[in-house]
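Below is one structure, written out as structure tokens; comments come after it.
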Amino acid sequence: MVRSKLSEKLDNISQHDLGFEFDDAAVWSALDQRLGSKRAYANWWIAAACFLIGFTILPIGLLKETSTYPSMITDTGAIINDLEPVVIEKKVVEIPVQSHEKRTAIVPNRVSRKGVSPALAEVASVKLLLKPIIKPVQNERNKSVFSSKDISIIQASLGRPSIEKEKNITVRAQLHTSSQPLQFNNQSVKIKLFEGSNN
Amino acid sequence: MLHLNTKDLIDKSKSGDRVSQQKLYTRLNAPMMGVCIRYMKNTEDAEDVLLEGFHKVFKNLKKFTYENEHAFFGWVKRIMINEALMKLRKNKEIQILAINEDLDKEVDVSPLEELETRDLLKLIRSIPVGYRTVFNLFEIEGYSHQEISDKLGVSIGTSKSQLFKAKKLLRDHLIEKNQDYGS
Numbered sequence: 358m359v360r361s362k363l364s365e366k367l368d369n370i371s372q373h374d375l376g377f378e379f380d381d382a383a384v385w386s387a388l389d390q391r392l393g394s395k396r397a398y399a400n401w402w403i404a405a406a407c408f409l410i411g412f413t414i415l416p417i418g419l420l421k422e423t424s425t426y427p428s429m430i431t432d433t434g435a436i437i438n439d440l441e442p443v444v445i446e447k448k449v450v451e452i453p454v455q456s457h458e459k460r461t462a463i464v465p466n467r468v469s470r471k472g473v474s475p476a477l478a479e480v481a482s483v484k485l486l487l488k489p490i491i492k493p494v495q496n497e498r499n500k501s502v503f504s505s506k507d508i509s510i511i512q513a514s515l516g517r518p519s520i521e522k523e524k525n526i527t528v529r530a531q532l533h534t535s536s537q538p539l540q541f542n543n544q545s546v547k548i549k550l551f552e553g554s555n556n
Numbered sequence: 334m335l336h337l338n339t340k341d342l343i344d345k346s347k348s349g350d351r352v353s354q355q356k357l358y359t360r361l362n363a364p365m366m367g368v369c370i371r372y373m374k375n376t377e378d379a380e381d382v383l384l385e386g387f388h389k390v391f392k393n394l395k396k397f398t399y400e401n402e403h404a405f406f407g408w409v410k411r412i413m414i415n416e417a418l419m420k421l422r423k424n425k426e427i428q429i430l431a432i433n434e435d436l437d438k439e440v441d442v443s444p445l446e447e448l449e450t451r452d453l454l455k456l457i458r459s460i461p462v463g464y465r466t467v468f469n470l471f472e473i474e475g476y477s478h479q480e481i482s483d484k485l486g487v488s489i490g491t492s493k494s495q496l497f498k499a500k501k502l503l504r505d506h507l508i509e510k511n512q513d514y515g516s
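Sequences listed follow chains L and S, in order.
Quick note: the first sequence uses this note's numbering, first residue 358, plus one each step.
Quick note: the second sequence uses this note's numbering, first residue 334, plus one each step.
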């Protein structure tokens, strides 16, 4: 584009030379509003996105913090009918496990009685604190949630290294709900024990 | 045109500083209104174009690389012209009529350069929108007929004929004006 003399003259036009009054303040006001509304609109979306992320991500994070790893209560009274209850009182279970970080603890008092029959409630408990390979799913029953190594530990804790083949056994698994060692959520988990599966 | 600290104003406007944006607008609104009113039929439409144009300017300012004031002014002006043409197309106000006249005849409009800015603008605004669009684009903005034909979606011949008619009308109006002054 070549700049002509006419162009030069018109480019330097003043408001007076326009020959009419135009409300430049009103135009700016409308412009300001449009520029501002875009920003407000963007801010609103950012706030909404943050709100949504907060409501979806944070509860997951909190859940991960509270349910860290399960502890196992092998409640001898809960073993299937034909087995004799094995009462293990205040006995520390020391079973070497390669792929697990095993922690042993004795519950000094009775475990929570919630949801436990009076007969079972009288039975002393041994608590095995294991970090399972497979995480137990809360409230999901009839599902083996422990690895074979976990099961071998359970078997050993029961004093029965070998239980009937593929026999179902219900144990009460406990999930830690906090970092406090004695605060658990009792939960029944049905698992299958396999004969000679103490590998 | 533009004065001191234009680059600073542009830089601050880029980061969304409203005060700088307003200062930039204040500096540019009169010449840009001059551009808009040359194309549009009335002041209301010109204000609409000015608003849309400045909105686009501030929206796209981050993409603009500052070289000098003249380049910046030209960039803003092109935005305004495009907005004006868009509005004219939308309102179907560009009426391009075939003219059966001898286009090779040269119409001298150099006396226009002697006019006061105010009178020049008034004279340009006195001719029909179709003619003055081509006149503005060719004689003032410096576009070629090829560029005009691309912009307006008309043939090069039509662009030339519109320009010819525009110049003829302007010359006639100028003669009338001079006669009025003379009488």
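Even for Gly, the Cβ is constructed at its ideal location relative to N, Cα and C.
Small disclaimer: the values here were computed from a predicted structure and weren't measured.
### Query
Does DSSP put Glu474(S) in a helix, a strand or coil?
coil
### Message
Using the three-state DSSP reduction, which class does Tyr358(S) fall into: helix, strand or coil?
### Response
helix
### Message
Quick check: is the beta carbon of Arg351(S) nearer than 8 Å to any beta carbon in chain L?
### Response
yes
### Message
Could you check whether the Cβ of Leu453(S) sits closer than 8 Å to any Cβ belonging to chain L?
### Response
yes
### Query
Just the Cα atoms here: how many angstroms apart are Asp350(S) and Lys389(S)?
16 Å
### Query
Do Arg451(S) and Asp368(L) have their C-beta atoms closer together than 8 Å?
no
### Message
Between Thr466(S) and chain L, is any beta-carbon pair separated by less than 8 Å?
### Response
no
### Query
What is the DSSP secondary structure of Pro461(S), counted as helix, strand or coil?
coil
### Task
Would you verify that the beta carbon of Tyr358(S) is, or is not, closer than 8 Å to some beta carbon of chain L?
yes
### Task
From the DSSP output, in three-state form, read off Gly472(L) for me.
For Gly472(L), the pLDDT reaches just 49, beneath the cut-off of 50, and the residue's location in the model is therefore unreliable, leaving the point undetermined.
### Query
Taking 8 Å as the CB-CB limit, is Trp385(L) close to chain S?
yes
### Query
Below 8 Å between beta carbons: does that hold for Leu454(S) and Gly367(S)?
yes
### Task
Give me the Cα-Cα distance between Glu480(S) and Val440(S), rounded to the nearest whole angstrom.
21 Å
### Query
Helix, strand or coil: which one does DSSP assign to Asn338(S)?
coil
### Query
Hey, how far is the Cα of Gly515(S) from the Cα of Glu509(S)?
The predicted position of Gly515(S) is uncertain, since its pLDDT is 47 and thus under 50; no value can be drawn from it.
### Task
Round the Cβ separation of Tyr476(S) and Gln495(S) to the nearest angstrom and send it over; I've been treating them as touching at under 8 Å.
Incorrect: roughly 13 Å between the Cβ atoms, too far for contact.
### Query
Between Ala382(L) and Gly411(L), what straight-line distance do the alpha-carbon atoms span, to the nearest angstrom?
42 Å
### Query
How would you call Asp505(S), buried or exposed, if buried means at least 16 neighbouring beta carbons within 10 angstroms?
exposed
### Task
Can you grab the Cα-Cα spacing for the pair Trp408(S) / Ile414(L), in whole Å?
46 Å
### Query
Do you know whose CA, among Phe406(S), Asp381(S), Pro444(S) and Glu377(S), lies nearest Leu357(S)'s CA?
Phe406(S)
### Query
What separation, rounded to the nearest whole angstrom, lies between the Cα atoms of Phe379(L) and Leu503(S)?
25 Å
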